[in-house]
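When the letters of the sequence shown are read in order and numbered with this note's numbering, they come out as residues 1293 to 1425. Just so it is clear, CB atoms sit at the ideal spot from N, CA and C, and this is done for glycine as well. This structure is a prediction, so every number in the text was calculated from the model and none was measured. A short worksheet on the structure shown next.
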Amino acid sequence: MFWTTNCPDCWKALRGCRDLASKVADRKVKVLGVNFDTEKLATVRSMIKGEKIDFINLSDFQGKVAALFQTESYDFSSFIVDRKGILRHVGYDHPPDVEKILLQKVNTILGNGEGGKSQEKLKDVKGDKDRKA
């Protein structure tokens, strides 16, 4: 997930992702955050600590990773990448129930938690090929 410190809805989504991370930890699923604003690192760390966000968050001050994922500027964006590096979900919004929506997507990809393989593949934004992360 990509987020910025100046996005109030991002903080609600971050808390949802925090709860999601605890629910999927035993299923070999990792939640990662990428902060892509220009706040000082100490400010970002303080905000993460204050919200008890305990999953890994990376800093992308130059926006290079955000550009690779074609995230919308200064907004919450979520992606699910499978073990093969195939991008399986893209979300450019911050729904109030982000935890529920992402958990449903994870369950679908993992075959509803039974370890089965889903046949879903997310097409490139242009729809012409599968995207690799």
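Simplified DSSP state of residue i, which is helix, strand or coil
| i | result |
| --- | --- |
| R1375 | coil |
| G1308 | helix |
| K1360 | The sequence as given places Leu at residue 1360; Lys does not occur at that position. Correct three-state label for L1360: helix. |
| N1298 | coil |
| G1405 | Low local confidence applies: a pLDDT of 43 at G1405 is under 50, so the model's placement there is unreliable, and no value is given. |
| I1345 | coil |
| V1321 | coil |
8 Å CB neighbourhood of residue i in its chain, flanking five on each side removed
| i | result |
| --- | --- |
| D1374 | R1380 and I1401 |
| P1388 | K1304 |
Cβ neighbours of residue i in the same chain (closer than 6 Å, five flanking residues each side left out)
| i | result |
| --- | --- |
| S1369 | F1294, T1363 and Y1384 |
| R1310 | I1345 |
| H1386 | D1301, A1305 and F1368 |
| K1348 | The sequence as given places Ile at residue 1348; Lys does not occur at that position. Taken in chain order, the residues that qualify are L1324. |
Buried/exposed call for residue i, threshold 16 Cβ in 10 Å
| i | result |
| --- | --- |
| D1329 | buried |
| F1353 | exposed |
| A1431 | No information on residue 1431 is available, as it lies outside the stretch 1293 to 1425 that the chain covers here. |
| G1308 | buried |
| N1327 | buried |
Min CB distance residue i to chain B below 8 Å
| i | result |
| --- | --- |
| D1389 | Absent from the structure is chain B; it holds one protein chain and no more. |
Chain-order list of residues whose beta-carbon lies under 7 Å from that of residue i (same chain, five-residue window excluded)
| i | result |
| --- | --- |
| V1398 | V1316, V1321 and I1372 |
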